[in-house]
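Residue numbers (my numbering): 3 to 332. Cβ coordinates follow ideal geometry from the N, Cα and C atoms, glycine included. Reading through the structure tokens given below for one structure.
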Amino acid sequence: MLKITPEKVSLYLKKHNYACYILYGIEIFYLEETKKKILDKAKKKGFFLLKRFYLKKEKDILNFLKIKIQNNLFFSKKIIILYIQYSIHKTAFNNLLNKIFNRLDKNLLIIIYYFQSKFCYLNNLQNFSCLFVECTIPNNNQLLIWLKKKVLEIDLKIDPIVLKMFCQCYEKNILGLSNAITMLFLIFKKKKITYEKVLKVISDSSNFLIYDWLFSLFNQELDKALRILNHLVLKKNQILLLIKLLQKDIFQLIFFKKTSTFYQQKKNSFFFEKLKHNFLKKKSTFFSLEKLNTILQYLINIEIIYKKSYECVIIDKLKKITILLCYKKK
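Take a look at the structure:
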């Protein structure tokens, strides 16, 4: 078993051939980019994509294991992709891998795509000969490594100081960073890219959403939260929607603070709703009930002021809420 991060995938694909790849994490861009690299290499080796399987519950695993992979007269080398779309139990996952490895041969390649923030089974998988790729949200060092390789791939001439500025502006936002680099390539294809040239491109290609602001708030990342808020205001995003969504999350945090019982999600809840629920559950410990009630009262007042069309006053008040939420006691 070997575990790597996405920026090292290209290097390992050049040197080694694996029969099984396990991609796990919650960074969609990394997951998709890594999957594409693996498929591109496999297709050059004569493999073709046979089928995708979506495993949404335990029963789906049993159904998958019953399927016999038939030989094709025209294509002998096959690729199968398994999308695991629920929090799979440790025993079930080990059983799945055992069954898969019993089937593997030189003509079968398996990609397991597991959308999960943490992968707690790695210590028990030492005997499996496969490549694990950890596609979690990147830190600035990982972004810088990825960015340097991307710039070399597309042959973009760019000042080193610009690369560091990109990583600071697109902290943990690799999709936005990728869009900005693509735009730079299209505009300045064979020209030297300087610090001054890149400032406008960063502003134009930023792709922050209201949810980026909310997550940076609850992670207490003050500089990032203020930067995203300024971007949302500049792009004239719906301020009322921003206020309402924050109110909703503050209500949820207050609920967690007031009850000791675990709030059970409905079985038919969307996967991303469960992720958000678990995220807020963990973050509730960082905020006092007094602070949350104060912020909620602020938000109610802000909504009233906004509906009276005092927009410039609103922005200052939202910045104060951002600072209050991100403040950490020393």
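Counted within 10 angstroms of its Cβ, other Cβ atoms place residue i as buried (16 or more) or exposed
i      : result
Gly48  : exposed
Asp107 : exposed
Asp214 : buried
Pro140 : buried
Lys226 : buried
Glu198 : exposed
Leu67  : exposed
Thr184 : exposed
Leu243 : exposed
Glu60  : exposed
Local conformation of residue i per DSSP, three classes
i      : result
Leu60  : A small fix is needed here, since residue 60 is Glu in this sequence, not Leu. Helix at Glu60.
Leu145 : helix
Ile139 : coil
Lys53  : strand
Tyr115 : strand
Lys10  : helix
Ile325 : helix
Lys17  : helix
Lys80  : strand
Ile160 : strand
Ile241 : helix
Leu110 : strand
Ile195 : strand
Tyr172 : coil
Ser290 : coil
Glu155 : helix
Asp318 : helix
Gln249 : helix
Leu211 : coil
Rounded Cβ spacing between residue i and residue j (contact assumed at less than 8 Å)
i      : j      : result
Phe220 : Leu154 : With a Cβ gap of about 36 Å, Phe220 and Leu154 do not count as contacting.
Lys46  : Leu15  : With a Cβ gap of about 10 Å, Lys46 and Leu15 do not count as contacting.
Ile212 : Leu247 : 6 Å
Asp251 : Leu216 : 6 Å
Leu57  : Tyr85  : 7 Å
Lys101 : Leu231 : About 49 Å separates the two Cβ atoms, so there is no contact after all.
Own chain residues within Cβ distance below 7 Å of residue i, not counting five before or after
i      : result
Thr36  : Pro8, Val11, Leu25, Val135, Cys137
Lys174 : Ile139, Pro140
Gln144 : Thr7, Glu9
Ser271 : Residue placement at Ser271 cannot be trusted, given a pLDDT of 42 that sits under 50; the coordinates are not used to answer.
Lys150 : Leu165
Beta-ladder partner(s) of residue i, from DSSP
i      : result
Tyr85  : Tyr56, Tyr115
Phe134 : Lys5, Ile24
Beta-carbon contacts of residue i that lie in its chain and below 6 Å, excluding the five residues immediately before and after
i      : result
Cys22  : Ile112, Cys132
Gln118 : Tyr26
Lys80  : Leu52, Leu110
Tyr172 : Gly178, Leu179
Leu158 : Phe187
Contact set for residue i: own chain, Cβ-Cβ below 8 Å, skip 5 residues either direction
i      : result
Lys260 : Leu291
Lys39  : Val11, Ser12, Leu15
Asn19  : Lys47
Cutoff 8 Å: residue i Cβ touching any chain C Cβ
i      : result
Pro140 : In summary, chain C is missing from the structure at hand, where a single protein chain is found.
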